[in-house]
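I have placed the structure first, in the form of structure tokens, so that the comments after it can refer back to it.
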Amino acid sequence: MVRMTVLASGSRGNTAVLSSTGTSILIDAGISCRETLRRMLRAGENPASLSAIVITHEHQDHINGLAVLARRLKIPVYITGHTHQEWQRWVRGPASGQKELYPDDDKAHLDQCEHFRAGQAFRIGDIEILPFTIPHDAADPVGFVFRTEGIKIGMATDLGYIPASVKVHLRGCDALVLESNHDLEMLRGGPYPWSVKQRVMSRVGHLSNDSLAEFFSTDYDGGAAFVVLAHLSESNNHPELARQAAERALGQRLNLIQNRLVLASQNDPMEAMRF
């Protein structure tokens with residue numbers, strides 16, 4: 010059996026867990042180690058069964074608990090080289106280049122670290138992982154396609170728009186986890202400084218409800234049993250607005266009525282998708 014659940018999703022932290030019969034991996038580590046373990050148990054997942062952590066990019070809401078989790082669970086981290094470098098720079102701080110750091114003193118030290126490249130598939134146990142480049146203002150951001158036991162899951166959050174190079178990876182999936190970050194009117198009238206609003210709305214920012222709805226209307230192939238709306242902004246979105254935008258777009262295409270629409274939450278683990 011294949012299971013996937015989003016443990017946390019939003020501006021304050023993102024992490025998900027994917028399990029097959031023989032392998033379990035954590036996707037991003039944006040909440041604390043303690044909270045990650047607590048939410049895994051709530052979701053019926055055993056933290057001791059984790060084989061690895063895979064990372065999409067180095068922004069704090071995706072890597073905040075990474076070092077502690079990797080050391081506590083003694084599992085490898087899979088990450089691109091550029092993302093790894095930027096994460097180390099963030100963890101060590103501006104003074105890190107002034108002295109040599111030894112592993113016991115280095116907060117960014119990972120005992121086991123494997124680098125991957127976008128476009129090159131790799132395996133962790135019986136899960137095949139294909140990372141692909143996404144448009145976001147990070148060092149080397151990626152989405153993922155996971156394949157195991159005949160199931161294909163596509164995951165693309167933190168992207169300013171959905172280019173053709175991403176759309177091709179989202180076809181033929183049994184489940185999709187996609188960003189529905191903000192409502193444009195809420196963002197424009199919200200509390201963020203204008204410079205931040207411009208960044209969020211840019212082509213390397215975050216995907217709006219309307220942009221995701223356009224994908225559902227024009228490019229989505231309709232094959233997924235589950236469609237998960239993820240990375241909703243607490244300041245610039247509302248779950249019902251995200252749901253309604255997606256439902257309207259999916260409802261225009263009668264062949265998509267079998268898709269189950271699920272919203273991932275910042276504060277609680279999602280009910281697991283099972284295949």
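Residues in the sequence shown are numbered consecutively from 10, following my numbering.
Just so you know, even glycine gets a beta-carbon here, dropped at the ideal spot from N, CA and C.
Coil, strand or helix - residue i by DSSP
i, result
"residue 45", "helix"
"residue 132", "strand"
"residue 29", "coil"
"residue 282", "strand"
"residue 217", "strand"
C-alpha gap between residue i and residue j, whole angstroms
i, j, result
"residue 147", "residue 71", "11 Å"
"residue 61", "residue 78", "10 Å"
"residue 268", "residue 140", "25 Å"
"residue 316", "residue 43", "Given that the chain is displayed from residue 10 to residue 284, the structure contains no residue 316 and the question cannot be resolved."
"residue 228", "residue 241", "21 Å"
"residue 87", "residue 181", "25 Å"
"residue 272", "residue 262", "20 Å"
"residue 280", "residue 31", "21 Å"
"residue 115", "residue 101", "7 Å"
"residue 81", "residue 194", "43 Å"
"residue 238", "residue 164", "10 Å"
"residue 249", "residue 185", "19 Å"
Endpoints, the alpha helix (DSSP H) within which residue i is located
i, result
"residue 262", "No alpha helix (DSSP H) holds residue 262; DSSP gives it neither H nor E."
Min CB distance residue i to chain B below 9 Å
i, result
"residue 118", "Going by chain labels, chain B is absent from the structure shown, which holds only one protein chain."
Candidates the options, of which the one nearest residue i by Cα
i, options, result
"residue 224", "68, 196, 187 and 243", "187"
"residue 47", "24, 67, 29 and 30", "24"
"residue 190", "179, 206 and 218", "218"
"residue 168", "232, 221, 192 and 246", "221"
"residue 69", "22, 201, 256 and 174", "22"
"residue 166", "244, 152 and 236", "152"
Boundaries (first-last residue) of the beta strand (DSSP E) holding residue i
i, result
"residue 294", "Residue 294 is absent from the structure shown; the chain starts at 10 and stops at 284."
"residue 16", "12-17"
"residue 186", "184-188"
"residue 156", "151-157"
Margin query: Which runs of the beta strand (DSSP E) at least 3 residues long sit entirely within the stretch 46-125? Give them in chain order.
Written below: Counting whole runs of 3 or more residues, the stretch 46-125 contains the beta strand (DSSP E) stretches 61-63, 86-89 and 122-125.
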